[in-house]
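Using the numbering used here, the first residue of the sequence shown is number 116, and each one after it goes up by one.
We put the beta carbon where it would ideally sit given N, CA and C, even for glycine.
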Amino acid sequence: MSGALPVGRRAVIIDCDPGTDDALALWLAIASPEIDLRLVTVVGGNAGLARTVANARAIVGLAGNPVPVVPGAERPLRGRFAGERAVHGDDGLAGVVLPEGPPAVQALAADAIRAVLRDASAGSVTLVGIGPVTNLALALATEPALAGRVREIVLMGGAWGEGNWTPAAEFNAASDPEALDILLSLGPPVTLVTLELTMQALVTPARVEAIRRLGGGACLRAACDIMAAVPPSRRLGGEGHALHDACAIAWLVAPALFHAERVGVEVDCGPGPARGRTHVDRWGRSKAEAQVTLPETLDTEGFFALLGTRLSRLP
Ligand code: BDR
Ligand code: CA
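Below is the structure:
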């Protein structure tokens, strides 16, 4: 969408690596009138760049949304992406096949992000990162003045306790800690939606069936198929899995579902076993500035009600 921004809507860029929960996040964003989705950029992350780009195209295509999809980083700033195939499968969507989407734009994610930030009609822009944040960091590290055009940065990533990728670190943070470190110190306000929050968005068979009963179109059916296909998490007691990335979108469209605190966060960029760990100071014990908003609790039933209502509006 272009032109002057209607009151109450915010211009948003989503950087993602679909990814089952990325798919739900993208559909939730597309279905939400509070969000003026200007750009979707894609990073290798969960399943390798070729797959994540194809999936992003298919997800926006199924929703009939004309938002440009732009490929980005195939690698993090250091090392390589490992992928999270145990959760998302080799295809990134847990085996659920979507019709092929419109072609990706022949550009690079970091360039496309900077172009939207320079576009005065967007006003100030909210950046949402739901994968390793390589693209966002590259865009802003190479032209830091554009941080002045960023309204806020909302990231799914990190944990204040145990990780889900290593004992110390969450997948997105562990996949590119240097990129996360760049975003944390850039200047615009940062919200970090961590594992402790997203585990409250527990997808169970009963919750999937409740959404399926709403009817709706191809997007709602595919969303339910994807949620039903993700294996339950041992870490979460085998009852279901966490819908991590959709929580970052819910934070933007329904902040009343959350309780949040201000905290200091540092990311471990060292080479050892703590690499990617987010040191979250919830009790003011370090000298770190409380520069991050940390949603701590989620109204779980309200979240799934929102998700169902919004999905049922899509084609
Ligand atoms: C994050 O890791 C990915 O596998 C998910 O898509 C989510 O963004 C959760 O740790
Ligand atoms: Ca993701």
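1) From F373, C131, P346 and I128, pick the residue whose C-alpha is nearest to that of R200; which is it?
2) Thinking just about the alpha-carbon of each residue, which of A162, L429 and H203 is nearest to the one in A197?
3) Kindly indicate the opening and closing residues of the alpha helix (DSSP H) around D137.
4) If we ignore side chains and look at the alpha-carbon of each, how far apart do L413 and G331 end up?
5) Does any heavy atom of ligand 1 sit closer than 7 Å to the C-beta of H203?
6) Count the other C-beta atoms from every protein chain shown that fall within 10 angstroms of the C-beta of A126, then say buried if there are 16 or more, exposed otherwise.
7) So is the beta-carbon of C131 under 7 Å away from any non-hydrogen atom of ligand 2?
8) Just how far apart, CA to CA, sit P410 and T313?
9) Report yes if the C-beta of N279 is less than 7 Å from at least one heavy atom of ligand 2; otherwise report no.
10) Should W398 go down as buried or exposed, given a rule of 16 or more other Cβ atoms within 10 Å for buried?
11) In three-state DSSP terms, what is A222?
12) Measuring straight from C-alpha to C-alpha, what distance separates E311 and A274?
13) Under 7 Å Cβ to Cβ from W366, same chain only, skipping five residues before and after it: list those, please.
14) What residue ranges within the segment 332-377 form continuous alpha helix (DSSP H) runs of no fewer than 4 residues, ordered along the chain?
15) Where do the ends of the alpha helix (DSSP H) carrying P292 lie?
16) Could you tell me if T257 is buried or exposed, where buried requires 16 or more neighbouring beta carbons within 10 angstroms of its beta carbon?
17) Given L120, which residues of its chain have a CB within under 8 Å of its CB, disregarding the five upstream and five downstream residues?
According to the data block:
1) Checking every option, the nearest Cα to that of R200 belongs to P346.
2) A162
3) Here the alpha helix (DSSP H) through D137 covers T135 to I145.
4) 25 Å
5) yes
6) buried
7) Placement of the Cβ of C131 at a distance of less than 7 Å from at least one heavy atom of ligand 2 is found.
8) Cα to Cα, the separation comes out at about 10 Å.
9) no
10) exposed
11) coil
12) 6 Å
13) V269, T306, V308, F373 and P410
14) 333-344 and 359-368
15) P292 to L299
16) exposed
17) Interpretation of L120 is limited by its pLDDT of 47, a score under 50 that renders its predicted location unreliable; no figure is taken from the coordinates.
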